[in-house]
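Participant: Under our numbering, the first residue of the sequence shown is numbered 343, with each subsequent residue one higher. Starting off with a structure, shown below.
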Amino acid sequence: MGSTVQGFFCINPRIPLRVDFTRKSSKNPRVLSVSCSTKGEGHSIQTASVFEKVRSLDLEFKSLPEPLDRVKRLLHYATLLTPLDESARVQENRVSGCTAEVWLEVEMDQDGLMRYGVYSDSEITKGFCSCLIWVLDGAEPAEVLCVRAEDLLELNVGLPSRKSRVNSWHNVLISMQKRTRDLVKERDRKDQCMDEAFSSLIIVNGNCKETMVH
343 MGSTVQGFFC INPRIPLRVD FTRKSSKNPR VLSVSCSTKG EGHSIQTASV
393 FEKVRSLDLE FKSLPEPLDR VKRLLHYATL LTPLDESARV QENRVSGCTA
443 EVWLEVEMDQ DGLMRYGVYS DSEITKGFCS CLIWVLDGAE PAEVLCVRAE
493 DLLELNVGLP SRKSRVNSWH NVLISMQKRT RDLVKERDRK DQCMDEAFSS
543 LIIVNGNCKE TMVH
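Take a look at the structure:
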């Protein structure tokens with residue numbers, strides 16, 4: 343039997359949006375159906391947003407008050423992490439500041455969405471990374487940059503070595519956001535160069551000639 347949690351958030355401050363989070367199965371708490379409705383009309387969306395996924399993850403780990411249960415959940419999610427190709431496990435992809443070794447690959451696809459690949463030699467860290475990948479992979483850059491570490495505090499497992507583990511996923515999140523920001527800047531720079539190049543060209547008798555545009 344599924345359970346439903348209702349919440350409100352605002353994409354457009356003038357249009358309140360209700361979000362219903364419905365868990366399809368108690369065996370797999372990660373399976374989430376999301377439906378949205380505004381005043382006077384309703385519609386469904388194909389995939390959950392970063393906001394909704396963060397909320398789902400928060401609720402999931404809050405339901406596990408025992409540290410050991412949280413560790414077991416993270417170890418389970420570690421098994422779901424898609425392996426990062428060994429060719430990507432190079433020094434330039436290393437995440438600094440982590441107790442465990444972590445490699446992070448970041449790309450922006452042709453639709454301008456962010457794509458991430460992560461690998462770690464620590465199973466617990468893999469579990470953290472699997473959660474981050476689930477939340478952020480395929481998101482808009484702006485969504486990625488809006489996530490705060492405080493939004494994911496429930497992932498903290500509360501064991502003696504908690505601080506090093508927390509540092510690991512904090513550093514992975516920070517690296518994801520930094521590299522995302524760098525790619526956005528690079529994309530914008532290229533777009534600006536292309537705009538300037540096109541604006542400085544005119545077609546005269548079938549030939550391209552550079553001219554100053556006043």
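The beta carbon of each residue, even a glycine, is placed where N, CA and C say it ideally should be.
Looking only at its own chain, which residues have a Cβ that is under 6 angstroms from the Cβ of S464, when we skip the five neighbours before and after it?
Facilitator: Taking the first residue of the sequence shown as 1, we reach residue 464 at position 122. Excluding positions up to five away in sequence, the list reads A442.
Participant: Output yes or no for whether 8 angstroms exceeds the beta carbon distance between E293 and V392.
Facilitator: With the chain represented from 343 up to 556, any question about residue 293 goes unanswered, as that position is not in the structure.
Participant: Specify, as a first and last residue, the run of the alpha helix (DSSP H) that L410 falls within.
Facilitator: By 1-based counting over the sequence shown, the position of residue 410 is 68. First-last of the alpha helix (DSSP H) with L410: P409 to A420.
Participant: For Q519, count neighbouring C-beta atoms within 10 Å of its own C-beta (all shown protein chains included) and say buried if the count is 16 or more, exposed if not.
Facilitator: As a working note, residue 519 is residue 177 in the sequence shown. Counting Cβ neighbours within 10 Å, Q519 comes out buried, since at least 16 surround it.
Participant: Could you tell me whether the Cβ atoms of Y461 and L426 are closer together than 8 angstroms?
Facilitator: Looking up residue 461 in the sequence shown gives position 119. Looking up residue 426 in the sequence shown gives position 84. It is a contact, given that the beta carbons lie within the stated cut-off.
Participant: Excluding the 5 residues flanking N513 on each side, which residues of the same chain have their C-beta closer than 8 angstroms to its C-beta?
Facilitator: Position 171 of the sequence shown, counted from the first residue, corresponds to residue 513. So the list reads V437, S438, G439, C440 and V444, once near-sequence residues are dropped.
Participant: Mapping DSSP to helix, strand and coil, what is R431?
Facilitator: Within the sequence shown, numbered from 1, the residue matching residue 431 stands at position 89. Note: R431 maps to coil in three-state DSSP.
Participant: Quick one: what does DSSP say M459 is sitting in, helix, strand or coil?
Facilitator: Position 117 of the sequence shown, counted from the start, is the residue given in the question as residue 459. For clarity, residue 459 is Gly in the given sequence; the question names Met instead. The answer is strand: DSSP assigns G459 an E or B state.
Participant: Spatial neighbours of L406 within its chain, please: CB distance less than 8 angstroms, with the 5 preceding and 5 following residues excluded, ordered by chain position.
Facilitator: Position 64 of the sequence shown, counted from the first residue, corresponds to residue 406. Around L406: R412 and R415.
Participant: Within 10 angstroms of its Cβ, does F540 collect 16 or more other Cβ (buried), or is it exposed?
Facilitator: To locate residue 540, count along the sequence shown from 1; it is residue 198. The residue is exposed, with fewer than 16 neighbouring Cβ atoms inside 10 Å.
Participant: For a test of the three-state rule: what should DSSP assign to E447, helix, strand or coil?
Facilitator: One-based indexing of the sequence shown puts residue 447 at position 105. DSSP places E447 in strand when its eight states are reduced to three.
Participant: With a threshold of 16 other CB atoms inside 10 Å of the CB of L432, please say whether the residue is buried or exposed.
Facilitator: Taking the sequence shown and counting its residues from 1, the one referred to as residue 432 is at position 90. Rather than Leu, the amino acid found at residue 432 in this sequence is Val. Classification of V432: exposed, given that the 10 Å Cβ count is below 16.
Participant: Helix, strand or coil for R305 per DSSP?
Facilitator: In the structure displayed, the chain extends from 343 to 556; residue 305 sits before or after that span and is not available.
Participant: Are L455 and E482 close, meaning C-beta to C-beta below 8 angstroms?
Facilitator: Sequence index remark: in the sequence shown, residue 455 carries index 113 (1-based). Sequence index remark: in the sequence shown, residue 482 carries index 140 (1-based). Taking 8 angstroms as the Cβ cut-off, L455 and E482 qualify as a contacting pair.
Participant: So L497 packs on C473, CB below 8 angstroms; how close in whole Å?
Facilitator: In the sequence shown, residue 497 corresponds to position 155, counting from 1. In the sequence shown, residue 473 corresponds to position 131, counting from 1. The Cβ separation is near 6 angstroms, so the contact holds.
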